[in-house]
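> Encoded as structure tokens, here's the structure I'll be asking about.
Shown next as structure tokens:
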């Protein structure tokens, strides 16, 4: 797929409820102590959907992932149920409780439990309290709505230490047919997506085959969620799912159809918006860091190098301190495990406050420290690395955040 | 080599000056602003030594490493010169300045400059000020001594953000001949040894062939320095060198001689002492964390798993908060890239205050939170992980430290 494919997309409200055929809702059921924090949500379609997902690559996987994988074997689903506050991982009765969550959703919606995907996020190793979810079934059903309130409730219910909800939607045209796509996601620690180290639920009314949807999901994850690093920890419960209702009325997309690239681009763009929010809202973060590497031998090599930079604790701490410590950028490139010539590297920091070139031909350049501080004091920092190891158009980027006192504070005592 | 080989070793004072034939010294030359901080040191032998070294695996390497590698091609050397405050990496005139440091050492000692190893540690990307080192040559010569003051000065001169010096020595017998070994090392950030992500200089009076010494050095690094993780950042300037004067009078050790294992064990034990200090003194650290994994398919697999645990920001932050958050331990094992059965994992935390088993068969156990807090409030924490994936005697360990506010503070503005 061309990186330069541009599609006319219009931002719209409504999140996962924006596409035709979807409802959503969320309530506080009591898994979390804070009664004002919603902790269970449901996203559902009025018809059977094409569905696809990617999951964490952690060997230790949450029970909900095993259940969702089974339910998705036929490439079809109609709903997602998700709780926060407990990961249902390494805990007694894991799969039984995950199946029970699917049953609760199926009963609320009057559908087959095998058409429900299930996800959980929160503390690992404690039995999921299933009774609160059962007791909240009526409230959850009542909370369902087809307007933006439904998506808003769901987006809030999946949050853990996130400080703001992540929710986007847009409309676009496929051969003149108006289609919509919307999504919600949550971070905000344990983020080193190998697939996506977070939860993201996306809906669309596009008609698409299961195989094409799975390929699009995998492709989109590669250059978006999988490039984020908050703390290098790959969660046990990451899941990114797409439900496609097919109600938009477009001709069904297959992997070979010319519109497949258009859909993949739209999906990727939505994932990029969610990914930027996830990185920006990394635990304790004050800044969004984007590292873009140009001129590597392949986009994959460029992404590995970029991710090594945004993953470096030393780079992250320097960004927190607005310190143009480019030596740490070179150091992180050097241990990424990708071959390149250190003698031709160029590094530029830039932000809304301007830019500062700090390294050329692998050597430091004199620069105005005060100007560099101003550039790095912004809350969106870009690190542009140019290699001369491949074609200059070859490009890969990664997203991260700074390392702050608050990260330590939040994670020094998460369970209590 | 048997992990169980026990050798009678007696701790002795004197550090790198303890073995026969060595002198050392260190002074403040002015690379660092703080006049009370020594910043250049010299370790030298009265005769030509067998010498060996391992270096960082970072693709971006400091200029001193290139020069040292060249000088070590014949497996012989007589001295090490090292400065702190500037890494002489990605900076103008790097190799020329590193060669100049060797010349300065050679002139002080009246030896060939090709017999000098050189190392630098500090900020990356700024030209090394060579004049202060030249001007300090006389003072450095005067500081040389064969007693513990010489080693003490050298150990202090290589420190950067280290809060205490790392220095050990011991005596042991080889076939009834008394031999000695001593070493100094520095940390304390950018520690993720791939070789050893730090500097360590070891001396011994053992007689040993260059090839046997190189093998012993490589073996010792594998289970000691290379298992430490402070922040996951592999430095550009890591170097671990050994000088063997051969003055002890033992029959020369070859790789096939029965005493090779004895020497490797003694060397490894010394490296372990230095490694524990490096981890304990990780930037901002308040606790030494040791993770030991039993029952893996190989010692290497066990080390990879253990290192993943001590490298996890979430585990490190939990240890800072004395939080028995074993789910994060399982999570870190799960993304280590090594195959094991999550359903059979057992996790025990222990310290001088007692022990607490928190996970059995991959599931959480009820435990007394107050007791767990007491166990984890100590400054040396052990995390014992038992798998059932291999033989229970197969063992590997890694060393790390907690992640604290002070790590962020120290690294938020390192250059100023």
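Protein chains in written order, with the working numbering: chain B, -17 to 398; chain G, -17 to 398.
Idealized CB from N, CA, C, for every residue including glycine.
Going by other Cβ atoms of all chains shown within 10 Å of its Cβ, with 16 needed for buried, is residue -4 of chain G buried or exposed?
By 1-based counting over the second chain, the position of residue -4 of chain G is 14. Buried is the label assigned to residue -4 of chain G, since at least 16 other Cβ atoms lie within 10 Å of its Cβ.
> Who does residue 152 of chain B pair with in a DSSP beta bridge?
Stepping through the first chain from its first residue, residue 152 of chain B is reached at position 170. For residue 152 of chain B, which the question treats as bridged, DSSP gives the partners B:-7 and B:163.
> To the nearest angstrom, report how far apart residue 337 of chain G and residue 84 of chain B are at their CA atoms.
Locating residue 337 of chain G in the second chain gives position 355, where the first residue counts as 1. Locating residue 84 of chain B in the first chain gives position 102, where the first residue counts as 1. Taking the straight line joining both Cα atoms gives about 39 Å.
> Just the Cα atoms here: how many angstroms apart are residue 277 of chain G and residue 75 of chain B?
For the purposes of this step, residue 277 of chain G is taken as residue 295 along the second chain, with counting starting at 1. For the purposes of this step, residue 75 of chain B is taken as residue 93 along the first chain, with counting starting at 1. Computed Cα separation, rounded: 26 Å.
> For a test of the three-state rule: what should DSSP assign to residue 15 of chain B, helix, strand or coil?
The residue you call residue 15 of chain B lines up with position 33 of the first chain. Coil, per DSSP.
> Going straight from the alpha carbon of residue 183 of chain G to that of residue 250 of chain B, what length do you get?
Residue 183 of chain G sits at position 201 when you count from the first residue of the second chain. Residue 250 of chain B sits at position 268 when you count from the first residue of the first chain. C-alpha separation (whole angstroms): 51 Å.
> Taking 8 Å as the CB-CB limit, is residue 108 of chain G close to chain B?
Position 126 of the second chain, counted from the first residue, corresponds to residue 108 of chain G. Yes, contact with chain B.
> Measure from the C-beta of residue 349 of chain B to each C-beta in chain G and report whether the shortest distance is under 8 Å.
Along the first chain, read from residue 1 onward, the residue named residue 349 of chain B stands at position 367. So, not an interface residue.
> Could you please give me the residues that DSSP links to residue 362 of chain B through a beta bridge?
Position 380 of the first chain, counted from the start, is the residue given in the question as residue 362 of chain B. Residue 362 of chain B pairs with B:270.
> State the Cα-Cα distance for the pair residue 241 of chain B and residue 203 of chain B, rounded to the nearest angstrom.
For this step, residue 241 of chain B is matched to residue 259 along the first chain. For this step, residue 203 of chain B is matched to residue 221 along the first chain. Taking the straight line joining both Cα atoms gives about 19 Å.
> Alpha carbons only, please: which of G:247, G:221, G:371 and G:11 is nearest the one belonging to residue 155 of chain G?
Within the second chain, numbered from 1, the residue matching residue 155 of chain G stands at position 173. Among G:247, G:221, G:371 and G:11, the Cα nearest to that of residue 155 of chain G is on G:247.
> Which one of B:135, B:54 and B:258 has the shortest CA to CA distance from residue 208 of chain B?
Position 226 of the first chain, counting from 1, holds the residue named residue 208 of chain B. It is B:258.
> Can you grab the Cα-Cα spacing for the pair residue 34 of chain G / residue 99 of chain G, in whole Å?
The sequence position of residue 34 of chain G within the second chain is 52, counting from 1. The sequence position of residue 99 of chain G within the second chain is 117, counting from 1. Their backbone Cα atoms lie some 10 Å apart in a straight line.
> What whole-angstrom Cβ distance do residue 151 of chain G and residue -6 of chain G have, given they're in contact under 8 Å?
Reading the second chain from its first residue, position 169 is the one you call residue 151 of chain G. Reading the second chain from its first residue, position 12 is the one you call residue -6 of chain G. Right, the Cβ-Cβ distance comes to about 5 Å (below 8 Å), so this counts as a contact.
> Output, in chain order, the set of chain G residues within a Cβ distance shorter than 8 Å of residue 345 of chain B.
On the first chain, position 363 is the one that residue 345 of chain B refers to. Neighbours of residue 345 of chain B on chain G, chain order: 72, 73, 74 and 107.
> Relative to chain G, which residues along the segment 150 to 165 of chain B have a C-beta separation below 8 Å, given in chain order?
none
> Closest to residue 59 of chain B by CA distance: which of B:50, B:65 and B:66 is it?
Here residue 59 of chain B is taken as the residue at index 77 of the first chain, counted from 1. Ranking B:50, B:65 and B:66 by Cα distance to residue 59 of chain B puts B:50 first.
> Report all residues from its chain with a CB closer than 8 Å to the CB of residue 387 of chain G; omit the five preceding and five following residues, and keep chain order.
Translated into the one-based positions of the second chain, residue 387 of chain G becomes position 405. Excluding the 5 residues flanking it on each side, residue 387 of chain G has same chain C-beta neighbours closer than 8 Å at 266, in chain order.
> Using 8 Å as the Cβ pair cut-off and three pairs as the minimum, do the segment 51 to 71 of chain G and the segment 123 to 133 of chain G touch?
no
> Taking DSSP's pairing of strands, which residues face residue 345 of chain B in a bridge?
Position 363 of the first chain, counting from 1, holds the residue named residue 345 of chain B. DSSP lists B:342 as partners of residue 345 of chain B.
> As a quick exercise: from G:382, G:285, G:316 and G:191, pick the residue whose alpha carbon is nearest that of residue 260 of chain G.
Counting from one through the second chain, the residue named residue 260 of chain G turns up at place 278. For the residues G:382, G:285, G:316 and G:191, the minimum Cα distance to residue 260 of chain G belongs to G:382.
> For residue 113 of chain B, count neighbouring Cβ atoms within 10 angstroms of its own Cβ and tell me buried if that reaches 16, exposed if not.
In the first chain, the residue the question calls residue 113 of chain B occupies position 131. Exposed is the call here.
> Between residue 244 of chain B and residue 127 of chain B, what straight-line distance do the alpha-carbon atoms span, to the nearest angstrom?
Taking the first residue of the first chain as position 1, residue 244 of chain B is located at position 262. Taking the first residue of the first chain as position 1, residue 127 of chain B is located at position 145. Each residue's Cα considered, the two are about 29 Å apart.
> Give the residues of chain B in contact with residue 218 of chain G, contact being defined as C-beta atoms less than 7 Å apart.
Along the second chain, read from residue 1 onward, the residue named residue 218 of chain G stands at position 236. The contacting residues are 313 and 316.
> Please report the residue range of the beta strand (DSSP E) in which residue 317 of chain G lies.
Within the second chain, the letter at position 335 stands for residue 317 of chain G. Per DSSP, residue 317 of chain G belongs to no beta strand (DSSP E) and is neither H nor E.
> Need the endpoints of the beta strand (DSSP E) that residue 327 of chain G sits in, please.
Residue 327 of chain G sits at position 345 when you count from the first residue of the second chain. Premise fails: residue 327 of chain G is in no beta strand (DSSP E) and is neither H nor E.
> Note down the Cα distance separating residue 200 of chain B from residue 36 of chain B, rounded to an integer number of angstroms.
As a position in the first chain, residue 200 of chain B is number 218, starting the count at 1. As a position in the first chain, residue 36 of chain B is number 54, starting the count at 1. Distance from the CA atom of residue 200 of chain B to the CA atom of residue 36 of chain B, rounded to whole angstroms, is 7 Å.
> How big is the Cα-Cα spacing for residue 316 of chain B and residue 78 of chain B?
Translated into the one-based positions of the first chain, residue 316 of chain B becomes position 334. Translated into the one-based positions of the first chain, residue 78 of chain B becomes position 96. Their Cα atoms are separated by approximately 46 Å.
> Considering only the alpha carbon of each residue, which of G:280, G:364, G:344 and G:331 lies closest to residue 350 of chain G?
Within the second chain, the letter at position 368 stands for residue 350 of chain G. Checked all of G:280, G:364, G:344 and G:331; the closest Cα to residue 350 of chain G is G:331.
> Is the CB of residue 276 of chain G under 8 Å away from at least one CB in chain B?
Mapped onto the second chain, residue 276 of chain G falls at position 294. Output row for residue 276 of chain G: interface = no.
> Tell me whether residue 352 of chain B sits in a helix, a strand or coil according to DSSP, three-state version.
If you number the first chain from 1, residue 352 of chain B lands on position 370. Note: residue 352 of chain B maps to helix in three-state DSSP.
> Can you tell me which of the three DSSP states residue 233 of chain G falls into?
Locating residue 233 of chain G in the second chain gives position 251, counting from the first residue. Of the three classes helix, strand and coil, the one that applies to residue 233 of chain G here is coil, per DSSP.
> Of the residues B:376, B:24 and B:82, which one's Cα is nearest the Cα of residue 185 of chain B?
As a working mapping, residue 185 of chain B is identified with position 203 in the first chain. It is B:24 whose Cα lies nearest to the Cα of residue 185 of chain B.
> Thinking just about the alpha-carbon of each residue, which of G:262, G:270, G:189 and G:328 is nearest to the one in residue 163 of chain G?
Position 181 of the second chain, counting from 1, holds the residue named residue 163 of chain G. Nearest option by C-alpha distance: G:189.
> Here's the rule I'm using: 16 or more other beta-carbon atoms within 10 Å means buried, otherwise exposed. How should residue 158 of chain B be labelled?
By one-based count along the first chain, residue 158 of chain B stands at place 176. Exposed.
> What do you get for residue 352 of chain B, buried or exposed, if any count of 16 or more other CB atoms within 10 angstroms of its CB means buried?
Start at 1 with the first residue of the first chain, and residue 352 of chain B comes out as number 370. Classification for residue 352 of chain B: exposed.
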